[in-house]
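Residue numbers (the numbering used here): 3 to 130.
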Amino acid sequence: MQKTSLVILLTGVVALGMWGISDYMEHKGEAYGNVERGQSIAEQTCLRCHTKFEGDPLPDPNVTNAPALASFGQRWPLENLEEALAEGITVSHESVTMPEFSFTPETIADLLSYMDKLTHKANETAKQ
3 MQKTSLVILL
13 TGVVALGMWG
23 ISDYMEHKGE
33 AYGNVERGQS
43 IAEQTCLRCH
53 TKFEGDPLPD
63 PNVTNAPALA
73 SFGQRWPLEN
83 LEEALAEGIT
93 VSHESVTMPE
103 FSFTPETIAD
113 LLSYMDKLTH
123 KANETAKQ
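This is the structure in structure tokens:
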């Protein structure tokens with residue numbers, strides 16, 4: 003009985019978390035995710051290895067194949083990253099393993115909003 007209750011509780015917590023994350027897409031284009039907070043999150047986490055745009059100098063010369071943040075939105079819809087960010091991305095770049103990060107639905111929305119801004123800027127630059 004106790005094990006079943008724990009499973010039901012955990013299932014509910016995961017479902018609520020995923021509902022909050024997917025809420026990002028319902029608000030896309032609105033002032034939902036905060037771009038400035040997203041930039042701060044990216045600077046503290048992602049930009050230690052990734053660049054903002056293709057061709058930018060690499061922040062860590064030991065990591066040579068971490069894609070630019072702007073390229074994620076150019077390759078696929080950014081909402082595809084929601085679940086991976088919520089569960090923790092585990093990727094290895096050559097001999098370097100990506101660190102584990104813990105994101106909330108709000109910080110995911112912020113980060114994706116910032117990445118969306120980078121994607122739009124990269125797309126505009128490519129048109130010129």
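All C-beta atoms in this analysis are idealised placements derived from N, C-alpha and C, irrespective of residue type, glycine included.
Just so you know, these numbers come straight off a predicted model, no measurement behind them.
- Sixteen is the threshold: when 16 or more other Cβ atoms of the shown chains lie within 10 Å of the Cβ of A68, as they do, the residue is buried.
- DSSP, read as helix, strand or coil, puts T99 in strand.
- At least 8 angstroms separates the beta-carbon of P63 from that of C51.
- Note on geometry: alpha-carbon atoms of S104 and A128 lie some 33 angstroms from one another.
- Going by beta carbons, A124 and Y34 fall outside the 8 angstroms limit.
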